[in-house]
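Some notes on the structure that comes next.
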Amino acid sequence: MDSVDDVMVRAKEEGVLHLYASGSKLSGRYLEIKGNKHYHFGTTGYLGLEQDPRLKEAAIQAIRDCGTQFPLSKSYISHPLYEELEQQMATIYNTPVIITKNSTLGHLAVLPAAVRDEDAVILDHQVHWSVHHATEIIKTRSIPVEMVRHNNLDMLEDKVKQLGRTAKKVWYLADGVYSMFGDFAPIKDLMNLTRKYPQLHLYFDDVHGMSWKGKHGSGYVMSVLKEVPKQVLLIGTLSKTFGASGATVITSDKKLYAQIKNFGGPLTFSAQLEPASVAAAIASSRIHLSDEIYERQQDLQNRITHFNTLLSQTDLPLIDHNESPVHFIGTGTPATGYELVKLMMKDGFYTNLGIFPAVPVKNTGVRITISTHNELEDISGLVDALSINYKLALEHTHTSLQRVRRAFKLPEAKASNNRDPSKYFGRFQVSLESTITNIDKDLWNTHMGGKSIYDWEGLQVLEQSFTGHTAKENNWDFRYLIISDNTKPVLITFLTSSIWKDDIFSKNEVSAYLELERKTNPYYFTSKVLSIGSLITEGDHLYIDFDFKNWQEVLVLFFRILEDLEREFQAEMIVLRDFRNNTRLHKAFNLQGYVRIDMPESAQYKNFEWENEADYISSLSKKSRVHFRKDIAPYREKVRIEICSSLNEADLERCYQLYKNVKQANLGLNTFTYPIQLFQNMNTNSNYEFIVLCSNEIDKDRLILGVMFCYKSAKTYVPNLVGLDYEYVNEYQTYRQLLYQTIIRTKELRFNRIDFGMTAGFEKRKLGAEIIQNVSYIQVKDNFKLESLGILQGATKKLL
């Protein structure tokens, strides 16, 4: 929700969202915004019926006859106009219908009634938000809800086979016409699947296919099906193209029809449609039942054909070529999308911005809808303005058509249009190396040293540790980037390309469920990720000289380099790690298509203004002093602490096993298990040492109960990893003892900071550490897996 809010707030600030139409009248052809008249290419009233005089007069007369509303549930009694509307709509669909307040409430009424506890649900990735939302109710009943990629019938068939083993019915939820790209559901192929798998039932939201397609304007789905099979549930609309308000539920299953009407919550407990809306819908239904509807449909189709013909003569990236009224011109980043919408408005054309979460954030674009309000000359003017303003938007945001086409996986653009944006940044010097040994040590450590384990020496250890493995998750690619102006560094960072678990920051129960799946499929829900920093480092990975006047230009160049690396490594996601609240970067990241996510809590300890234990205890809060005396002090005599610069082979193997114990238990930061080679390299590096905790009581030879793997970076001490024997962790308060001993050791070394890292913030806070809430920014090629994780999040407790 925070990520969506970020995007929406930015779009509002850019002046392209949450606008108000001005003026006292609406015509359909024009839209007045802030006193300026614009051609309206954003309506979903594709046939213009909302401006038809017959609908207006019917609504006015209904208010005179029946009032502004009939405030009573339809379960008791419907107002006098309802019966005629239901009869008219039944004629259009050739089957009885149910009228709902709107399609969103319709889904909330229909799905919980239609889907039984013994059923399962599959969502198309791009099915409308209102359908997604209705499944939240279903998940509370422990009904399996899963997702397939958009229009991917192979994936759908696999899911039907899988879920059909236990489910009585498997419902596939899809749109007839999809609201962003205007593409269609493969109705005929889906019906073939229902014949192959009788358990499969289809649920179509066809609100964007209504009126402009089908017999009597019954919609796109009906134009293919002709009649409603028993295994199909169809949602139509009386809003949008129909010109009135409300929605329709269509099923030929009489028992299901009765159940929905009797048990659909919003049908029972919500107010009914106002008389004016019902009267307008009746007037519209009469047009739909006459030959006039086909004239209107053809009139619209002529305009769509005109638009498509003109567009085919340009190099504008139309994302889906179809005959629907909905068209999507890709812009890639939100910055370019904002700029194009603003330029079009300046030239007198209003279009919609398609942005996250309706589309992946890097697949931002301009949604253009064609209606019978638009004259042919309006459409010609639109395409002319698009051709000019699209190039300007690319130029103003320092990007290229090639980048946009890559973002949408479209064929390469013509060479003449493939203008390299690097021409804007030619005066900067870029150094991009694959090993830290090619970077000047003093330069690196001056700007990046003393932060976590990624000073020059620490990165050598990581390079040596994550290469040459048979397990692909343990092979990382490193890149070191320095952008300078006249040899003075302006931006410094390092990046890694590696395989991440998609649930790395998910709730424990989500990871627990996925780990069960990974026992047989170890790379289930994993992705190739390009990240600043790495999976094992934490902290401020990006140095920017904000005093440099043109640092923003350098940042844009940085984004271009990220995209080149993304293609080189075929990464599915880019992650910019560990930022505090930096409004300058936050806006820049948003404009380039990055979405903010909260990171697990991190912790630092800096308060070394004490000389002995008593002083240390007095520096703690009252509750923390009680914690120290109760949970740490009584156990110190039971254990022995050893500070080891290296370990023998047996101790190293024991400590590695203790690390794996913690790794398996701590799913709050779910990574792959690091290889033994990392720990062997720690063991031979002079900057690493080990705080080893042994028992003074257990009658065994030096049984190691816990270990902190610590790195010394300038004046910063970094307990990078921990290992615990959980059999004794409560008996000896091992973890708490190790945290305390880390503070004592840092004091002995006269260092001034501890980077405690992420997770277990509550325990670290009790010892005086400062808790830090960092955020990261992600950019994904598509939202499918992340949205699937969101679906899992609501169901995993029951699944487990």
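In this text, residue positions in the sequence shown follow the working numbering: the first is 631, and each later residue adds one.
Even glycine gets a Cβ: it sits at the ideal position worked out from N, Cα and C.
Quantities reported herein were computed from a predicted structural model and do not represent experimental measurements.
Contact check for residue 877 against residue 867 passes: the beta carbons are separated by less than 7 Å.
If you look at residue 1372, you'll find it isn't in any beta strand (DSSP E); it sits in the alpha helix (DSSP H) that goes 1364-1378.
If you keep only unbroken beta strand (DSSP E) runs of at least 3 residues inside the segment 1291-1335, you get 1318-1325.
DSSP places residue 668 in the uninterrupted beta strand (DSSP E) bounded by 666-670. For residue 1131, the uninterrupted beta strand (DSSP E) run begins and ends at 1118-1131, by DSSP. Taking 7 Å as the cut-off, the beta carbon of residue 741 is found closer than this to the beta carbon of residue 764. A distance below 6 Å between beta-carbons, with the five flanking residues on each side excluded, links residue 1175 to the following residues of its chain, in chain order: 1120. For the options 781, 965, 689, the alpha carbon positioned closest to that of residue 754 is the one of 781. Contact annotation: residue 728 and residue 879 have beta-carbon atoms nearer than 7 Å.
The beta carbons of residue 1309 and residue 1337 sit about 10 Å from each other, so the pair does not count as a contact at 8 Å.
Beta-bridge annotation (DSSP): residue 1228 is paired with 1405. By the Cβ test, the segment 764-779 is not in contact with the segment 825-845, since fewer than three Cβ pairs between them sit closer than 8 Å. The shortest C-alpha to C-alpha distance from residue 1297 to any of 1216, 898, 1131, 1341 is the one to 1131.
Among the bridge pairs identified by DSSP, residue 805 is matched with 835. Between the segment 914-924 and the segment 677-692, the count of C-beta pairs closer than 8 Å reaches three or more; the two stretches touch. Under the DSSP assignment, residue 1260 falls outside any beta strand (DSSP E), being part of the alpha helix (DSSP H) whose first and last residues are 1252-1261. Looking only at 736, 1210, 1215, 1221, the smallest Cα-Cα distance to residue 1231 is reached by 1210. As a beta-bridge residue in DSSP terms, residue 1059 pairs with 1114. In the DSSP assignment, residue 914 falls within the alpha helix (DSSP H) that extends over 905-918. Counting along the chain, residue 1018 sits inside the alpha helix (DSSP H) bounded by residues 1006-1026.
Going by DSSP, residue 633 is part of the alpha helix (DSSP H) stretching over 632-643. Per the Cβ contact rule, the segment 664-673 is in contact with the segment 959-978 (3 or more Cβ pairs under 8 Å). Under DSSP, residue 1158 forms a beta bridge with 1129. Residue 994 carries a strand assignment under DSSP once its states are collapsed to helix, strand and coil. If you look at residue 896, you'll find it in the alpha helix (DSSP H) that goes 895-899.
Here DSSP, grouped into helix, strand and coil, assigns residue 646 to coil. Beta-bridge analysis with DSSP links residue 982 to 997. Scanning 1214, 1159, 1196 for the CA closest to the CA of residue 1181 turns up 1214. Secondary structure note for residue 1391: its alpha helix (DSSP H) is the uninterrupted segment 1391-1395. Residue burial is scored here from C-beta neighbours: residue 706 has fewer than 16 other C-beta atoms within 10 angstroms and is therefore classed as exposed.
Judged by beta-carbon spacing, residue 1408 lies within the 7 Å limit of residue 1225, meaning their Cβ atoms are closer than that value. When rounded, the separation of the alpha-carbon atoms in residue 1346 and residue 1377 is 11 Å. Here the C-alpha atom of residue 1178 lies approximately 18 Å from the C-alpha atom of residue 1216. Counting only residues of its own chain and dropping the five nearest sequence neighbours on each side, residue 883 has a CB closer than 7 Å to the CB of 860.
The Cβ atoms of residue 1154 and residue 1145 lie no closer than 7 Å to each other. For the 7 Å CB-CB criterion, residue 1169 and residue 1208 form a contact.
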